[in-house]
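Down below is the structure, laid out as structure tokens.
Residue numbers (my numbering), protein chains in the order written: chain A, 1 to 408; chain B, 409 to 848.
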């Protein structure tokens with residue numbers, strides 16, 4: 001990026017996952033000893049999931065009524081957002097929150113699975129007459145759905161709930177489109193800060209893996225992993241697939257000048273971000289490969305890579321092409337596929353990767369290898385630069401470079 | 409700072425390529441629109457300015473037992489089988505073609521900029537769920553989602569269901585029109601159309617691109633969507649006759665009417681547009697947005713965020729409240745929206761608001777939800793060009809609490825320089841645009 005543009009600092013992290021809550025818990029779980037994933041293989045058999053750790057939502061969401069009106073993905077997201085605001089020293093600061101711009105990556109909300117099951121039974125066992133079936137559907141829909149649950153289902157209502165619960169009241173935008181929504185959200189905030197169009201952002205997403213209705217859409221295109229747990233890099237031999245992981249990840253991104261004015265220290269800065277449609281699509285440029293190559297030619301020294309690859313194919317093979325390219329350019333890179341540890345969290349996955357990268361840069365070290373495939377080598381020495389990649393299970397690719405902030 | 413204009417036809421001579429804040433001026437060089445009134449801006453404009461309604465009784469699905477039976481569905485796209493993503497894609501594609509033909513930018517298969525797309529919720533609908541549930545290869549059917557997942561695992565439904573991923577509409581359009589980079593899908597609920605335009609404006613002002621394709625589409629009138637809005641008591645139940653169902657700003661207004669449509673804009677930097685000799689159709693002078701932290705469906709009782717969004721748009725445009733001479737209202741026809749919109753406008757424009765004409769396109773086309781902000785921005789530009797303000801129809805009983813000149817029932821000739829177009833959505837989404845005919 002233009003050296004005259006303001007630096008984009010990460011000044012707050014909020015992370016909840018199967019491994020726990022907050023940066024410290026994640027650092028401990030992923031960098032001390034041999035990291036192990038938390039996986040539940042029975043609840044959604046044959047699909048394993050990484051279930052959310054026990055979280056006390058009332059710590060971030062005071063009013064019971066608010067908790068009740070949200071779907072679980074929204075509770076996860078509102079909680080993570082609250083952690084990030086607290087971490088950045090913004091929680092409760094009405095003036096700053098009133099100026100904070102919110103950018104969220106979200107998919108669909110959650111359906112009433114029991115109501116859907118009842119309706120399916122009635123539609124399947126009842127009349128074949130279209131008109132009569134329509135009447136049955138109308139009656140059942142009107143009697144089975146709680147009105148307020150509709151709001152829990154709207155994509156932009158994670159943002160809406162963050163506004164209400166935490167008082168974030170600058171602007172509010174929600175990006176959609178599976179994994180790439182997460183890249184778009186971070187990219188929107190980074191570009192607006194670097195372009196002088198905003199100073200203070202809360203960015204992130206949330207994903208609830210413990211849902212059959214959400215898994216269904218991914219399984220329809222054959223993207224889920226229907227076997228017992230294996231690390232991301234080891235799934236290709238069985239056709240590939242991802243294991244869903246419950247996760248909420250929010251970042252406070254701030255212009256350097258704004259953060260310095262309020263005396264806030266950064267974890268790291270985001271110095272570069274790119275996205276594209278990805279391999280297998282037409283048009284020019286196809287993806288972010290050219291941008292990554294150009295970036296890599298300017299980099300020296302050790303580079304950590306937090307790969308957002310999911311395990312789904314052919315996306316995971318495309319990711320390996322990137323890593324090979326970086327190796328061939330002579331970068332001393334060490335890769336970690338954080339989906340092995342956290343599961344794949346779709347819209348929230350890239351923000352989670354950026355959060356983990358910010359944390360690693362602030363500790364000046366990369367995480368321990370997440371598997372024993374040999375692809376993830378043991379870390380060595382000081383590290384001040386981590387590349388985060390985001391890759392859609394069926395489309396899109398992107399990356400961000402997270403580096404030590406100059407003033408640290 | 410402003411550079412002197414080098415113009416090839418002299419018409420733009422002396423106009424600044426940058427605005428009062430030194431940013432590139434963003435112009436419209438092509439736009440397209442589809443609503444229940446028809447295909448294309450000319451057909452729509454003719455109907456709109458003659459006070460014609462596109463609302464009708466729903467025939468797409470049985471409406472037995474429903475409190476609301478009218479909508480502004482778009483039934484003329486020739487789809488073999490309806491689904492929200494299929495209709496949303498078809499309408500967006502049509503509107504984009506119209507915008508590109510007018511703009512003459514790039515070619516049909518290669519647009520020289522990114523796609524910003526506002527799309528409606530995309531998920532499996534009942535016909536697909538039922539087909540999965542009933543798939544015959546299983547001897548013993550399991551319960552609910554277990555059965556659905558089992559059918560999905562068979563892999564037999566892949567081709568049919570690919571389009572129910574959120575990114576599918578944007579991906580299809582990016583492929584068709586060769587837009588650059590990652591196609592962006594967004595939602596700010598019923599403010600989405602305005603947000604899509606705003607993202608394009610921001611990207612051009614940053615210098616990220618010279619051109620952007622900003623599109624909003626919504627084809628999501630199906631039984632479940634209608635019932636969900638109905639359960640929130642948001643919809644008009646004034647079903648007969650259908651053309652009287654939507655009554656924005658009238659005392660007897662009873663809710664909005666769901667509708668479908670799409671709007672597409674080619675935005676360019678003024679500099680790039682003039683350099684290639686493009687016809688300038690309008691200027692997006694300013695954009696403003698504010699989040700509401702008050703309630704999920706209701707607006708702040710003092711209208712603070714709406715006022716903030718309007719004020720932000722004026723500030724961004726460098727336009728004083730007194731320079732707004734027409735308002736294209738959000739005007740949904742719900743009791744709350746119309747009152748809050750009036751109070752907020754009054755707070756910004758002052759007592760003058762009673763004399764500034766304001767009309768709601770939704771009285772005729774219904775509430776096109778995700779697409780509304782883009783469609784209404786298109787009609788705002790047409791108001792400027794044609795020097796005609798479309799009416800707010802069904803305004804038979806004025807509401808004494810909302811003393812506005814709503815251009816009641818008949819269109820009116822008027823010269824307009826700056827239009828304010830408002831869009832508000834559930835989840836505390838507020839966005840406003842200031843549109844003008846030509847660069848200042």
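Using N, Cα and C, we set each Cβ at its ideal position, and we do this for glycine too.
- Of all residues in the stretch 576-592 of chain B, those with a C-beta nearer than 8 angstroms to a C-beta of chain A are 578, 579, 582, 583, 586, 587, 588, 589, 590, 591 and 592, reading in chain order.
- In the structure shown, residue 803 of chain B falls within a coil segment according to DSSP collapsed to helix, strand and coil.
- In chain B, no part has a C-beta under 9 angstroms from the C-beta of residue 112 of chain A; the shortest such distance is about 11 angstroms.
- Burial is judged here by how many other beta carbons sit within 10 angstroms of a residue's own beta carbon; residue 566 of chain B has fewer than 16 and is exposed.
- Neighbours of residue 678 of chain B across chain A, judged by C-beta separation under 9 angstroms, do not exist; the nearest C-beta is about 18 angstroms away.
- Leaving aside the five residues that flank residue 195 of chain A on each side, the residues in its chain whose CB is nearer than 8 angstroms to its CB run, in chain order, 5.
- Those residues of the stretch 194-216 of chain A placed with their C-beta closer than 7 angstroms to a C-beta in chain B are 195, 197, 212, 213, 215 and 216, ordered along the chain.
- Residues 530, 571, 572, 576 and 577 of the same chain have their beta carbon placed closer than 7 angstroms to that of residue 493 of chain B, with the five preceding and five following residues left out of the count.
- Contacts with chain A at 8 angstroms (Cβ-Cβ) do not include residue 777 of chain B.
- Residue range 434-443 is occupied by the beta strand (DSSP E) that includes residue 440 of chain B.
- For the stretch 686-698 of chain B, residues whose beta-carbon sits nearer than 9 angstroms to a beta-carbon of chain A comprise 696, 697 and 698.
- The residue among A:348, A:335, A:395 and A:322 with its C-alpha nearest the C-alpha of residue 385 of chain A is A:335.
- Assignment of residue 702 of chain B by DSSP, reduced to helix, strand and coil, places it in the coil class.
- Listed along the chain, the chain A residues whose CB falls inside 8 angstroms of the CB of residue 635 of chain B are 138, 141, 142 and 145.
- Per the DSSP secondary-structure output, residue 793 of chain B pairs with nothing in a beta bridge.
- Nearest Cα to residue 32 of chain A within the set A:406, A:201, A:390 and A:378: A:378.
- At least 8 angstroms separates the beta-carbon of residue 349 of chain A from that of residue 287 of chain A.
- Under the rule that a run must span 4 or more residues, the alpha helix (DSSP H) segments found entirely inside the stretch 509-596 of chain B read 534-541, 552-561, 566-569 and 576-585.
- Pairing residue 724 of chain B with residue 830 of chain B, the inter-Cα distance amounts to about 15 angstroms.
- For the pair residue 476 of chain B and residue 648 of chain B, the Cα-to-Cα distance works out to about 10 angstroms.
- When secondary structure is reduced to three states using DSSP, residue 75 of chain A falls in the helix class.
- At least one CB of chain B lies nearer than 8 angstroms to the CB of residue 131 of chain A.
- Residues 452 and 455 of the same chain have their beta carbon placed closer than 7 angstroms to that of residue 446 of chain B, with the five preceding and five following residues left out of the count.
- Proximity of residue 74 of chain A to chain B, defined by a Cβ-Cβ separation below 8 angstroms, is not satisfied.
- By alpha-carbon distance to residue 82 of chain A, the top candidate from A:60, A:64, A:101 and A:97 is A:60.
- Nearest C-alpha to residue 94 of chain A among A:51, A:132, A:136 and A:166: A:166.
- The beta strand (DSSP E) runs of length 3 or more contained entirely in the stretch 369-408 of chain A are, from start to end of the chain, 385-391 and 397-403.
- Against residue 314 of chain A, chain B offers no close residue; the least beta-carbon distance is about 14 angstroms (beta-carbon pairs closer than 7 angstroms).
- A direct Cα-Cα distance of roughly 30 angstroms separates residue 671 of chain B from residue 148 of chain A.
- Sequence-distant partners of residue 163 of chain A (beyond 5 residues in either direction) whose C-beta falls short of 8 angstroms from its own C-beta, in its chain, are 102, 169 and 172.
- Fully contained in the stretch 229-280 of chain A are the following alpha helix (DSSP H) runs of length 4 or more, in chain order: 256-261.
- Three or more Cβ pairs closer than 8 angstroms define a contact, and the stretch 255-263 of chain A falls short of that threshold against the stretch 554-566 of chain B.
- Counting every other CB atom within 10 Å of its CB across the protein chains shown gives residue 458 of chain B a total below 16, marking it as exposed.
- In this structure, DSSP gives residue 491 of chain B a state outside helix and strand, which the three-state scheme calls coil.
- A contact between stretches requires three or more CB pairs, one per stretch, nearer than 8 angstroms, and the stretch 172-182 of chain A meets this requirement with the stretch 100-119 of chain A.
- The C-beta distance from residue 223 of chain A to residue 73 of chain A rounds to 18 angstroms, too long to fall under 8 angstroms, and the pair is not in contact.
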